[in-house]
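S.K.: Line by line, the protein sequences are chains A and B.
Anchor point for the first sequence: position 271 equals 270 in numbering that gives the first Met the number 0, and the numbering is continuous, going up by one each time.
Anchor point for the second sequence: position 20 equals 19 in numbering that gives the first Met the number 0, and the numbering is continuous, going up by one each time.
Using N, Cα and C, we set each Cβ at its ideal position, and we do this for glycine too.
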Amino acid sequence: MDAEVILFGHPNVGKSVLFNQLTGLTAIVSNYPGTTVEIYEGEVRVEGLHLRVLDAPGTYSLLATNEAEDVARRLLFEGRPDVVVHVADATSLRRHLYLTLELMELGLPLILALNQVDRAEKAGIKIDREELERALGIPVIPMAAVEGRGIGELLEAIIDALKNRRAPSPLKLSSEVEERLAEFEGFLSDKLPPEMRKFTRALASLTALGDEKFSYLAGGLPDELRGRIEDLGRDLVLARAELADAIYGKVVISEGRAIKPGVIDRLLVRPVTGLITASLTLFAVIWSTLGVIHEVAHRLPRMLYYGFYEPIVRGSLDAVLPNGLLKYVLIGDAPGIYSSLGLLTTGVFFVFVMILPCLFVLYLMLGILEDSGLLPRLAVPFDCPLRRIGACGEAMYPLVTGTGCSVVGVFATRILKTEKARFMASLIQWIGIPCMAEQVMIWLVLGRYGVAYVGSLYAILLATTIAIGLILNVLLPRGEELLIMELPPWRRPQLRNVLKKTIIRVKEFLLRGTPLVLLGVLIVNLLYYTGLIGALAELMSPVVSGLFNLPSHVAAALVIGVLRKDVAVGVLAAVAPGMTALQMLTAVTVVTLYFPCIGSLVVSLKELGLKRTILMIIIMTVTTTVVGGLVGFLSRLVS
Amino acid sequence: MPRPKGSVRLAGAKLKLKLLSRLISMGLVPGREVSVISKGSLGVLLESDNSMIFVGREVARLLSREADAHGR
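(1) With DSSP run on the structure shown, which of helix, strand or coil describes Gly219/A?
(2) Whose C-beta lies closer than 6 Å to the C-beta of Ala572/A among residues of the same chain, with five residues either side of it excluded?
(3) If we define contact as Cβ-Cβ less than 9 Å, is Glu32/B a contact residue for chain A?
(4) Does any CB atom of chain B fall closer than 9 Å to the CB of Ala166/A?
(5) Run the CB neighbour count on Thr588/A, radius 10 Å, all protein chains shown included, and call it buried at 16 or more, exposed below.
(6) Is the CB-CB distance between Ile441/A and Val568/A below 9 Å?
(7) Using a beta-carbon distance below 9 Å, is Gly273/A in contact with chain B?
(8) Can you list, in chain order, the residues of its chain with a C-beta nearer than 8 Å to that of Val439/A? Leave out the 5 residues immediately preceding and following it.
(9) In the DSSP assignment, what residue or residues form a beta bridge with His49/A?
(10) Quick check: the Cα distance between Asp244/A and Arg93/A, rounded to an integer number of angstroms?
(11) For Glu152/A, which three-state DSSP category applies?
(12) Any residues in the segment 483-512 of chain A with a beta carbon nearer than 7 Å to a beta carbon of chain B? Which ones, in chain order?
(13) Does the pairing of the segment 545-559 of chain A with the segment 383-392 of chain A give three or more beta-carbon distances under 8 Å?
(14) Do the segment 510-522 of chain A and the segment 596-607 of chain A make contact, defined as three or more Cβ pairs closer than 8 Å?
(15) Quick one: which chain A residues come within Cβ less than 8 Å of Val58/B?
(16) Runs of 3 residues minimum, wholly inside the segment 83-107 of chain A: which ones carry the beta strand (DSSP E) assignment?
(17) Could you check how far apart the C-beta atoms of Leu180/A and Leu231/A are, in whole angstroms? I think they sit under 8 Å.
(18) Buried or exposed for Glu46/A, going by 16 or more other Cβ atoms inside 10 Å?
(19) Quick one: which chain A residues come within Cβ less than 9 Å of Val54/B?
(20) Looking at C-beta atoms only, is the number of pairs between the segment 255-275 of chain A and the segment 129-140 of chain A that lie closer than 8 Å three or more?
(21) Can you tell me whether DSSP reads Lys125/A as helix, strand or coil?
(22) Report, in whole angstroms, the separation of the C-beta atoms of Ile258/A and Glu46/B, which I expect to be a contact under 8 Å.
(23) Look at Tyr528/A and Leu316/A and say whether their C-beta atoms are less than 9 Å apart.
(24) Just confirm the distance between the C-beta atoms of Met423/A and Gly468/A, as a whole number of angstroms; I'd bet it's less than 8 Å.
(25) Along chain A, which residues have their Cβ under 7 Å away from the Cβ of Ser20/B?
(26) For Gly70/B and Leu224/A, what's the separation of their Cα atoms in angstroms?
(27) Does any CB atom of chain A fall closer than 9 Å to the CB of Met0/B?
(28) For a minimum of 4 consecutive residues, which ranges assigned as the alpha helix (DSSP H) are wholly contained in the segment 434-520 of chain A?
(29) Would you mind working out which of Val450/A, Arg256/A, Asn472/A and Phe351/A sits nearest Tyr308/A, comparing C-alpha positions?
(30) Just mark Ile252/A as buried or exposed, buried being the case when its beta carbon has 16 or more other beta carbons within 10 Å.
(31) Say whether chain B places a C-beta atom closer than 9 Å to the C-beta of Pro380/A.
(32) For a test of the three-state rule: what should DSSP assign to Pro141/A, helix, strand or coil?
(33) Should Glu211/A go down as buried or exposed, given a rule of 16 or more other Cβ atoms within 10 Å for buried?
(34) If you run the structure through DSSP and keep just helix, strand and coil, what is Tyr327/A?
(35) So is the beta-carbon of Ile126/A under 8 Å away from any non-hydrogen atom of the ligand FAD?
(36) Are three or more beta carbon pairs between the segment 489-507 of chain A and the segment 359-369 of chain A nearer than 8 Å?
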C-alpha cells in the first residue's frame with residue numbers, strides 16, 4: 000500500500016457515503032485491535048497510487064468521551080495516516096471548525112472536505128471557499144458525496160497532499176493562551192517518546208483539558224504549573240471556539256435554515272408522549288423486521304434446506320460413508336435438526352437458515368435506522384430508565400431485537416458506544432428476554448398450568464433483570480453520564496449505502512462467526528458421540544434435585560438447552576411428566592436463566608470477548624442458583 | 000412543523016471542564032444564542048448552527064441554574 004488516508008469528522012456528516020464513493024466494493028470491516036469498535040477500510044487506486052482509506056468512527060473532538068471516539072483518535076496518534084480528510088457539514092460549518100482547529104495541531108497533512116453543499120445551497124447558505132482556504136491554510140473541497148460531486152477534486156487534493164507532505168501550522172489562539180500552552184509544551188516534549196513528539200502540541204492541549212488517557216503526562220510537572228492546568232484548559236476551549244467563530248464570520252457569505260424538526264422530535268422530550276411515541280415506533284420497526292425474517296428470510300432457506308439440501312447431502316453421505324466418527328461428525332446418526340448435530344446438517348442449518356437470514360434483514364434494518372436518523376431519536380425517552388440499570392437509551396434497539404433472537408440482539412449491541420452499555424445490554428438479553436422460539440414453548444408448556452404462571456415467569460425475569468442491573472450499575476466502572484445527543488436531520492436512506500454496509504457486515508460474520516458456530520455444534524456432537532453428555536447430566540442431577548427441587552431427569556433438558564433453549568423447554572414435559580405447576584415454573588426459570596444458547600454464546604465471545612463472556616456466565620450461574628433456589632424452595636414449601 | 004420556541008443565551012463558563020469542552024465541540028458555546036425547539040422534563044431540544052442537539056435534564060438544569068445566577 001502506498002499511503003493511508005483517514006476520513007475523520009463528526010457523526011452524521013456523510014463520511015460513510017464518501018467512503019463508499021471512494022472505495023467502491025473493496026471495503027472490509029474489522030474491529031480496532033483490543034476493542035469492539037468497527038473500522039471500515041477500503042482501497043482506491045488513483046494516478047498509479049494504491050491508497051488505503053479508513054473511515055474513522057464519528058467524533059466531535061479529540062477529547063474522547065467514549066470508546067468509539069477513543070478509537071478514532073488512536074487511528075491518528077497510533078496509525079499516523081499520511082493524509083487526514085476532515086469531513087464537515089457545509090450547513091453547520093461553524094461548529095465543525097472547532098475540530099478542524101484541533102486536527103491542525105496534529106502536524107499531519109489535512110484537507111477539509113465541505114460535504115452536503117447541495118443541502119447548504121438549497122437553504123441559501125454560501126461559504127467563501129477561497130477565503131476559508133486562506134484562513135485555515137489547508138485545501139477546502141466543497142462536495143456533495145451523495146451525488147458524487149467533488150470526489151475527483153478530493154482525490155486530486157489527496158494526491159497533492161501526498162506529494163507535498165506539507166502539514167498545516169496550528170492557528171494562533173490568543174497570545175496569553177499561546178504563551179501558557181508553549182510553557183506546558185516545553186515541559187511535555189522531554190517526557191514524550193521520540194515517535195510522539197510530533198504530537199506535543201495536541202497532547203499538551205488534551206492534557207490541559209483533563210484527558211484521562213494522557214493524565215500521566217501532567218505527573219512530573221512543577222506544582223505551580225499543574226495548579227494552572229485546568230484554567231489553561233478552560234481558556235483553551237473558549238479561545239478555540241472564539242477563533243472558530245471569527246473564521247466563520249469571515250467566510251460566510253449568507254446564512255440559512257437547513258433543518259426541519261419534526262413532530263416526533265418535539266414529542267420525544269416529554270416522558271409520557273416520548274415513551275409512547277418511541278415505543279410505538281420501535282415496536283413497529285422491530286415487528287416488521289421480525290415479520291420479514293420469519294416470512295421471507297426463513298421460509299426460502301428452510302424450503303431449500305429441507306427440500307433439496309438435506310435429502311441430497313444426507314442421502315449421498317449416508318450411502319458413501321461407513322458408520323463411525325467421520326459420518327457422525329458430518330451428518331449425525333439421525334435425521335432432524337436437533338437430533339442430527341452433524342456439521343453438514345445442523346451446523347449448516349444454524350448458519351445459513353437460522354442466523355444468516357436474520358442477520359441480513361437485521362443489518363438492513365439497522366442500516367435504514369442509522370441512515371434515516373430514527374435510531375438516535377428513540378434513545379432519548381428510554382435513556383433515563385435504562386441508565387439506572389447500567390445501559391443507555393441506545394440499547395433499546397438491541398433489547399427489542401433480542402426478543403426475536405438473542406444471537407441477533409447481542410450482535411446489535413455493537414451500535415452502543417461504551418463497553419459497559421454493551422455488556423449490560425447483552426446480559427439483560429441473556430437473563431431477562433427469552434427468544435421468540437422459547438417464548439412460544441413457554442406458552443405451550445407453562446401456559447397449560449395457567450396464564451398466571453406465565454405472568455409469574457415474566458415477573459421473575461423482569462425483577463431479576465432490574466435487580467442485577469441496579470447492582471452491576473454500582474459495581475461496574477461508570478461510563479458517560481450526561482446525555483448530550485445530536486439528532487441528525489431526517490434523511491431518506493440511500494439504498495446503495497445501506498446495502499453495502501449490510502453486505503460488508505454479513506461477509507464479516509461469514510468469515511469470523513461461522514467457524515465459531517460450527518465449532519459449537521462439533522463440541523456438542525462429540526459430547527453425544529463419546530457419551531459424555533449422559534455423565535454430564537448425571538453430574539448435574541444433585542443440584543437439579545437438591546437445590547431446585549426438580550426431578551433429576553430435568554438435567555437432560557439443561558444440557559440440551561445449551562444448544563437450543565426452545566427445545567429444552569419443549570422437552571421438559573416429556574422428560575419429567577409429573578411435575579407440579581411450581582416445579583414447572585422453577586424448571587422453565589432455570590432453563591431460561593442458567594446459560595446462553597450456543598449461538599448467542601459464540602456471538603458474545605466474538606463481540607464482547609472471552610473475559611466479559613465468562614463474567615456474564617458467572618453472573619447467570621449465581622443468578623440461577625439464587626432465583627432457581629428460591630422458587631424451588633417455594634415449591635418445596637407448598638408441596 | 001414545530002417552530003422554535005424562542006431563543007436562549009447559553010451560559011456555562013462555570014461548568015466542569017470536560018462538559019464545557021463537550022458542549023463547545025458540539026457547537027453549544029457559552030454566550031451564544033440558540034433556539035429552543037422543544038422543552039420537556041426529559042431535557043431540552045436545541046437548535047444551533049443548523050443542528051438539533053438534545054441536552055438531558057441534568058445538563059439543562061446546570062445551564063439554567065447558571066443562567067439564573069447571571070440574571071438572564
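M.R.: Quick answer:
(1) Here residue 219/A is taken as the residue at index 220 of the first sequence, counted from 1. Looking at Gly219/A - three-state DSSP - the assignment turns out to be coil, as it is neither helix nor strand.
(2) To locate residue 572/A, count along the first sequence from 1; it is residue 573. Here the set comprises Val444.
(3) Taking the first residue of the second sequence as position 1, residue 32/B is located at position 33. It does not; no Cβ of chain A falls within 9 Å.
(4) Here residue 166/A refers to the residue found at position 167 of the first sequence. No - not a single Cβ of chain B is within 9 Å of the one on Ala166/A.
(5) What you label residue 588/A is simply residue 589 of the first sequence in a count that begins at 1. When all chains shown are included, Thr588/A counts as buried.
(6) Numbered from 1 along the first sequence, position 442 holds the residue referred to as residue 441/A. Numbered from 1 along the first sequence, position 569 holds the residue referred to as residue 568/A. Taking 9 Å as the Cβ cut-off, Ile441/A and Val568/A qualify as a contacting pair.
(7) Your numbering for residue 273/A matches position 274 in the first sequence. Residue-level contact by beta carbon holds for Gly273/A and chain B, with a gap shorter than 9 Å.
(8) Counted from its first residue, the first sequence places residue 439/A at position 440. For Val439/A, where only same-chain residues beyond five positions count, the Cβ hits under 8 Å are Asp565.
(9) On the first sequence, residue 49/A is found 50 positions in, with the first residue counted as 1. Answer is Arg44/A, bridged to His49/A.
(10) The count along the first sequence starts at 1 and reaches residue 244/A at position 245. The count along the first sequence starts at 1 and reaches residue 93/A at position 94. Going by the C-alpha atoms only, they are around 6 Å apart.
(11) As a working note, residue 152/A is residue 153 in the first sequence. Taken through DSSP and simplified to helix, strand or coil, Glu152/A comes out as helix.
(12) Using a CB distance below 7 Å, the part of the segment 483-512 of chain A facing chain B consists of Ile483, Met484, Glu485 and Leu486, ordered along the chain.
(13) No: the two stretches stay apart, fewer than three of their Cβ pairs being nearer than 8 Å.
(14) A contact exists between the segment 510-522 of chain A and the segment 596-607 of chain A.
(15) By one-based count along the second sequence, residue 58/B stands at place 59. Contact of Val58/B with chain A by beta-carbon distance below 8 Å involves Leu481, Leu482 and Ile483.
(16) As far as the segment 83-107 of chain A is concerned, it has no whole beta strand (DSSP E) run of at least 3 residues.
(17) Start at 1 with the first residue of the first sequence, and residue 180/A comes out as number 181. Start at 1 with the first residue of the first sequence, and residue 231/A comes out as number 232. The pair is a contact, with the Cβ atoms about 7 Å apart (cut-off 8 Å).
(18) Residue mapping note: residue 46/A aligns to position 47 of the first sequence, counting from 1. Burial call: exposed.
(19) Looking up residue 54/B in the second sequence gives position 55. Result: Leu481, Leu482, Ile483 and Met484.
(20) Flag = no, the segment 255-275 of chain A and the segment 129-140 of chain A do not touch.
(21) In the first sequence, counting from the first residue as 1, residue 125/A sits at position 126. Looking at Lys125/A - three-state DSSP - the assignment turns out to be strand.
(22) Looking up residue 258/A in the first sequence gives position 259. Looking up residue 46/B in the second sequence gives position 47. Correct: roughly 7 Å between the Cβ atoms.
(23) Start at 1 with the first residue of the first sequence, and residue 528/A comes out as number 529. Start at 1 with the first residue of the first sequence, and residue 316/A comes out as number 317. Going by C-beta atoms, Tyr528/A is not nearer than 9 Å to Leu316/A.
(24) Translated into the one-based positions of the first sequence, residue 423/A becomes position 424. Translated into the one-based positions of the first sequence, residue 468/A becomes position 469. Indeed, because the Cβ distance is near 7 Å, the residues count as touching under 8 Å.
(25) Residue numbering aside, residue 20/B sits at position 21 when the second sequence is read from its first letter. Contact of Ser20/B with chain A by beta-carbon distance below 7 Å involves Ser60, Leu62, Leu208 and Val236.
(26) Residue mapping note: residue 70/B aligns to position 71 of the second sequence, counting from 1. Residue mapping note: residue 224/A aligns to position 225 of the first sequence, counting from 1. At Gly70/B the pLDDT is 39, less than 50, meaning the model places this residue with poor confidence and gives no usable figure here.
(27) Mapped onto the second sequence, residue 0/B falls at position 1. Since pLDDT at Met0/B reaches only 40, below the 50 mark, its modelled position is unreliable, and no value is offered.
(28) Within the segment 434-520 of chain A, the complete alpha helix (DSSP H) runs of at least 4 residues are 435-444, 450-474 and 494-507.
(29) The count along the first sequence starts at 1 and reaches residue 308/A at position 309. The residue with the shortest Cα to Cα distance from Tyr308/A is Phe351/A.
(30) Here residue 252/A corresponds to residue number 253 of the first sequence, with the count starting at 1. If you draw a 10 Å sphere on the C-beta of Ile252/A, you find fewer than 16 other C-beta atoms in it, and that means exposed.
(31) Along the first sequence, one-based indexing puts residue 380/A at 381. Answer yes: the Cβ-Cβ gap between Pro380/A and chain B drops below 9 Å somewhere.
(32) The sequence position of residue 141/A within the first sequence is 142, counting from 1. For Pro141/A, the three-state secondary structure derived from DSSP is strand.
(33) If you number the first sequence from 1, residue 211/A lands on position 212. So Glu211/A ends up on the exposed side.
(34) For the purposes of this step, residue 327/A is identified with residue 328 of the first sequence, where counting begins at 1. The answer is helix: DSSP assigns Tyr327/A an H, G or I state.
(35) With respect to the ligand FAD, the structure shown offers nothing to examine, as it has no ligands at all.
(36) With the rule of 3 Cβ pairs closer than 8 Å, the segment 489-507 of chain A counts as touching the segment 359-369 of chain A.
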